[in-house]
Ligand SMILES: [Zn+2]
Ligand SMILES: [Zn+2]
Ligand SMILES: [Zn+2]
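Numbering (our numbering), first residue to last: 151 to 455.
Below, the structure is given as structure tokens:
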């Protein structure tokens with residue numbers, strides 16, 4: 151089979167199961183591996199009506215938060231942000247990181263997003279935000295074959311200013327122990343790639359093919375395809391929603407694609423040398439040492455037919 155090339159930095163396994171959501175999850179250990187720009191774009195483009203509903207809601211959100219910001223009304227600013235993110239993930243469940251389970255963790259995640267926004271209200275320096283707004287306003291356009299395009303170098307300047315602005319916000323989050331949950335469910339590298347991916351999907355239609363390609367390559371938003379053998383699979387029923395899932399043999403964790411429940415399939419690694427079952431340590435690495443004979447074991451061993 152031909153499949154996009156991703157491999158897990160945690161357990162070393164390749165990506166083997168087709169997916170629709172932009173977050174790429176390891177089929178063997180359940181870690182979030184990467185963000186797929188093309189999959190995100192498909193979600194964005196699948197219905198113009200759906201996307202327009204989002205844009206309408208977003209415009210209201212922006213108008214309201216601007217007012218609350220001007221009036222320094224932190225409480226209302228917080229609430230509006232909370233409601234908006236809750237709407238966003240209900241409108242686009244595909245954009246919710248699979249590392250955020252339903253229930254309490256979900257609420258905590260949305261609360262953190264609102265807390266962070268409210269915390270940034272106190273920002274005294276608006277230098278990065280101003281630079282981004284200026285770069286945005288300086289984007290120039292041209293027409294070709296009756297279509298509007300953005301001038302590439304002005305577009306790149308906007309992207310760079312956008313990333314600078316984002317990374318300033320990230321420091322508030324990722325350097326503050328109060329937002330520990332973000333490290334757990336949305337590590338900085340994914341957050342950054344998702345933001346980049348989302349801004350790209352809005353702008354790519356305004357770039358000529360040649361420039362769109364150059365941009366996607368430069369920012370590693372494009373994936374190569376590889377030819378791979380089919381892995382052996384077995385069926386598992388999700389503990390939560392009871393839907394059937396096709397899981398590759400050797401998988402330890404399966405995050406349900408329907409309900410995001412984390413199904414733990416295996417908590418041990420078998421030693422191929424002495425046959426002893428080794429309980430996995432909490433933060434296991436891709437190799438562990440057999441506690442009976444000392445052999446180095448690979449925790450995840452994908453099996454191909
Ligand atoms: Zn993995
Ligand atoms: Zn499920
Ligand atoms: Zn052993």
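Note that the Cβ used here is the ideal one computed from N, Cα and C, for glycine as well. In this text, all values refer to a predicted model and were calculated from it rather than measured experimentally.
Evaluate residue i with the Cβ neighbour count: other Cβ atoms within 10 Å of its Cβ, from every protein chain shown; 16 or more gives buried, anything less gives exposed.
i, result
"residue 152", "exposed"
"residue 282", "buried"
"residue 247", "buried"
"residue 440", "buried"
"residue 321", "exposed"
"residue 276", "exposed"
"residue 395", "buried"
"residue 452", "buried"
"residue 220", "exposed"
"residue 191", "buried"
"residue 184", "buried"
"residue 210", "exposed"
"residue 213", "exposed"
"residue 363", "exposed"
"residue 442", "exposed"
"residue 381", "buried"
Ligand 5 and residue i: does the residue's C-beta get closer than 7 Å to at least one heavy atom of that ligand?
i, result
"residue 249", "The model on display carries ligand 1, ligand 2 and ligand 3 but not ligand 5."
Taking the DSSP output, what are the residues bridged to residue i?
i, result
"residue 375", "154"
"residue 412", "405"
"residue 454", "381"
"residue 294", "297"
"residue 395", "386"
"residue 448", "437"
"residue 247", "According to DSSP, residue 247 bridges with nothing at all."
Could you spell out where the beta strand (DSSP E) holding residue i opens and where it closes?
i, result
"residue 419", "418–420"
"residue 299", "297–300"
"residue 183", "182–185"
"residue 173", "173–175"
"residue 367", "Run containing residue 367: none in the beta strand (DSSP E); it sits in the alpha helix (DSSP H), 359–368."
"residue 428", "427–429"
Apart from the five residues on each side of it in sequence, which residues of its chain come closer than 8 Å, Cβ to Cβ, to residue i?
i, result
"residue 437", "446, 447, 448, 449"
"residue 342", "313, 316, 317, 320"
"residue 415", "386, 397, 401, 402, 403, 404"
"residue 306", "365"
"residue 193", "170, 171, 172, 242, 244, 245"
"residue 375", "152, 153, 154, 155"
Skipping 5 residues on each side, what residues in its chain have a beta carbon closer than 6 Å to that of residue i?
i, result
"residue 164", "157"
"residue 379", "454"
Quick check on residue i - is its C-beta less than 8 Å from some C-beta in chain D?
i, result
"residue 206", "Considering every chain present, this structure includes no chain D. It has just one protein chain."
Please list, in chain order, all residues of the same chain as residue i whose beta carbon is under 7 Å from its beta carbon, the five residues on each side excluded.
i, result
"residue 260", "232, 235, 236"
"residue 292", "299, 301"
On the DSSP letters alone, give me the boundaries of the alpha helix (DSSP H) that residue i sits inside.
i, result
"residue 241", "224–241"
Does the structure place the stretch 173–182 close enough to the stretch 400–419 that three or more beta carbon pairs sit under 8 Å? With a cut-off of 8 Å on Cβ pairs, the stretch 400–419 is in contact with the stretch 173–182, counting three or more such pairs.
Quick check: the stretch 224–240 against the stretch 264–280, are at least 3 beta-carbon pairs closer than 8 Å? yes
Is it the case that the stretch 290–306 contacts the stretch 342–357, given that we only count it when at least three CB pairs across the two stretches are under 8 Å? yes
Any chance the stretch 240–259 sits against the stretch 193–204, with 3 or more Cβ pairs inside 8 Å? yes
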